Amino acid sequence: MDFTSERIHEVLKELIKIPSPYFQEQAITEYVYQFMKNTGISTFRQKVAEAQLQDYEGENIIGFLDAGKEKTIMINAHMDTVYPSSDWKTDPYKPYVSGDEMVGLGAADMKGGLAVMLLLAEYLMNQLKEGITPNYNVILLASVDEEGPDSLGARIFLKDKLAKRVDYALVLESGQGLTRGEAAFPSVIHRSLGCYLYLITVTGQSAHAADPEAGANAIDTMGKVIEALKKVELEKSEGFSRPVSNVLWIKGGEKALSTPEKCELLVDFHVTPEENHEKLRQQISETIKALKLSVRTEVDFWRNGKGEPILYPPYDWDFNHPLTEALSKSCRNITGQLGENAPASICVGDFNHFSDAGIPTVILGPDGHHLHAGGEAVNLKDLEDLTAVLADFLLIG
Ligand SMILES: [Zn+2]
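In numbering that gives the first Met the number 0, the protein residues as written are 0 to 396.
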């Protein structure tokens, strides 16, 4: 197979050089569109916008190879990155090779996977010209706004009729990056923690700051709520790391010398598939009720502009799914390893939404480290091997 390391270096470098923090993905979208189109694969732009985000209009880029087969495989990489963090010691958009890695913003998360997807399109179309068709129809989804709030690109894709054809989703995120380093390439990750977010509101009583007894301080009360939240017991599950909770932000008070009347708190729970979002809300409410506070408290989901709860449901697909077994065999053909027994992803992403739509979803991606931080790097040999694994899976497996 002709996945030379030079070609992978070249494409990955080009991708890193194009800044694409979420909501600023226009330039990379153009690059990916042109690249895919040049390979000869049917290439579409899919508008990504929602009424409540009036100043955002992005585009997913979709390549579709309809080989007239029964099953359709979707391969996904997101095009956006986070914004550069302050600990970058070099220009995050000037990629360079260090040992067997490439360093640059998004190298592992996930322009490495994106480069693989583009080279795969090139390879599949070259094979097609020689009369070799893949064993599946192939959808290549380059999505926007994965790092931004709400996985807008993935969710818009899932509303499209093309998504109904998808039998299996393969996300090229760095497994190592999603598992605190535990799942090295070629781990096939078939399960993930989910994330539920709750907005807690305390409404106290405003009064002159000089006379606190006359009021009920909402911020003081929220302090007690935060302590109590640590006692909420979360369901554990085999193969999953310990579920955790984390306060994300707190808001309350005003500039006047008044006892604060209102305080809001956003709290995140990273949960196993044993957890249910309604049940957990109930549990949080009961924990707060047990404090016997004299003020009004409310527990709601964190909602998007349309009023829908923002949820990243956890999942656990069977490793014995025939397509996962075929993929695992391709891993062995190329790398000598089956990629089995991978721990669950501790992070959430587009993959939670694909799975939630009923699509069996796995993650297979290159080793990488310092994701979302200065010095982010991806393993270059893994990118070569990953391209070869996917080609083997689609054409032979
Ligand atoms: Zn990512």
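Idealized CB from N, CA, C, for every residue including glycine.
None of these values were measured; they are calculated from a predicted model.
message: Considering only their Cβ atoms, is the gap separating residue 201 from residue 347 smaller than 7 Å?
response: no
field: Distance between beta carbons of residue 191 and residue 343, contact taken as under 8 Å
entry: 5 Å
field: Stretch-stretch touch, CB-based, cutoff 8 Å, three pairs: the segment 173–187 with the segment 353–372
entry: yes
- prompt: Among all the DSSP beta bridges, which residues are the ones paired with residue 308?
  reply: 302
- request: Out of 193, 268, 211, 209, state which residue places its alpha-carbon closest to the alpha-carbon of residue 230.
  value: 268
message: Within the continuous beta strand (DSSP E) that includes residue 362, where are the two ends?
response: 360–362
query: What does DSSP give as the partner residues of residue 248 in its beta bridges?
result: 265
message: By DSSP's criteria, residue 204 is part of a beta bridge. Which residues make up the other side?
response: 215
message: Can you find the residues in the same chain that come closer than 7 Å, C-beta to C-beta, to residue 236, ignoring five residues on each side of it along the sequence?
response: 271, 272, 273
message: Give me the residue from 217, 314, 283 with the minimum Cα distance to residue 259.
response: 217
query: Taking the beta strand (DSSP E) that residue 116 falls in, what are its first and last residues?
result: Premise fails: residue 116 lies in the alpha helix (DSSP H), 111–128, not in any beta strand (DSSP E).
message: Taking the beta carbon of residue 306 as the centre, do at least 16 other beta carbons fall within 10 Å, making it buried, or is it exposed?
response: exposed
Inter-residue Cα distance where the pair is residue 180 and residue 378: 13 Å
message: Tell me the residue span of the alpha helix (DSSP H) that contains residue 401.
response: No answer is possible for residue 401: it lies beyond the span of the chain, which begins at 0 and ends at 396.
query: residue 372 to residue 330, Cα distance in whole Å?
result: 29 Å
message: Using 8 Å as the cut-off, can you tell me whether the segment 56–66 makes contact with the segment 128–140, which would need three or more C-beta pairs spanning the two stretches below that distance?
response: yes
field: Boundaries (first-last residue) of the alpha helix (DSSP H) holding residue 80
entry: No alpha helix (DSSP H) holds residue 80; DSSP gives it neither H nor E.
field: Inter-residue spacing [alpha-carbon to alpha-carbon] between residue 5 and residue 88
entry: The straight-line gap from Cα to Cα measures roughly 26 Å.
field: DSSP three-state assignment for residue 20, whether helix, strand or coil
entry: strand
task: Return yes when at least one heavy atom of ligand 1 lies under 6 Å from the C-beta of residue 366, else no.
output: no
Closer than 6 Å: residue 108 CB and nearest ligand 1 heavy atom: yes
field: Limits of the unbroken beta strand (DSSP E) element including residue 140
entry: 136–142
query: Under the criterion of a Cβ to heavy atom distance below 6 Å, does residue 172 qualify as lining ligand 1?
result: Yes.
task: Can you have a look at residue 323 and say buried or exposed, based on whether 16 or more other CB atoms are within 10 angstroms of its CB?
output: Residue 323 should be labelled buried.
- prompt: Going by the beta-carbon positions, is the gap between residue 349 and residue 153 smaller than 7 Å?
  reply: yes
message: With a threshold of 7 Å between beta-carbons, can residue 116 be considered close to chain D, or not?
response: No chain D appears in this structure, which consists of one protein chain only.
query: How many Å lie between residue 169 and residue 56 at the Cα?
result: Our two residues, residue 169 and residue 56, have alpha carbons roughly 26 Å apart in a direct line.
message: I'd like the list of long-range same chain contacts for residue 253, defined as Cβ closer than 8 Å, with 5 residues on each side in sequence excluded.
response: Contacts found: 259.
For residue 179, the first and last residue of its enclosing beta strand (DSSP E): Per DSSP, residue 179 belongs to no beta strand (DSSP E) and is neither H nor E.
Anticipated Cβ contact below 8 Å, residue 283 with residue 197, distance rounded: 6 Å
- prompt: Can we say the segment 326–341 touches the segment 384–392, given the rule of at least three CB pairs closer than 8 Å?
  reply: yes
- prompt: Can you tell me the Cα-Cα spacing of residue 187 and residue 336, whole angstroms?
  reply: Distance between residue 187 and residue 336, taken at the CA atoms: about 10 Å.
- prompt: For the alpha helix (DSSP H) that contains residue 168, what are its first and last residues?
  reply: It is not in any alpha helix (DSSP H) - residue 168 instead sits in the beta strand (DSSP E) that spans 167–170.
message: Spatial neighbours of residue 143 within its chain, please: C-beta separation below 8 Å, excluding the five flanking residues on both sides.
response: 21, 24, 28, 47, 57, 58, 59, 77, 78, 79, 151, 152
task: Can you grab the Cα-Cα spacing for the pair residue 245 / residue 265, in whole Å?
output: 9 Å
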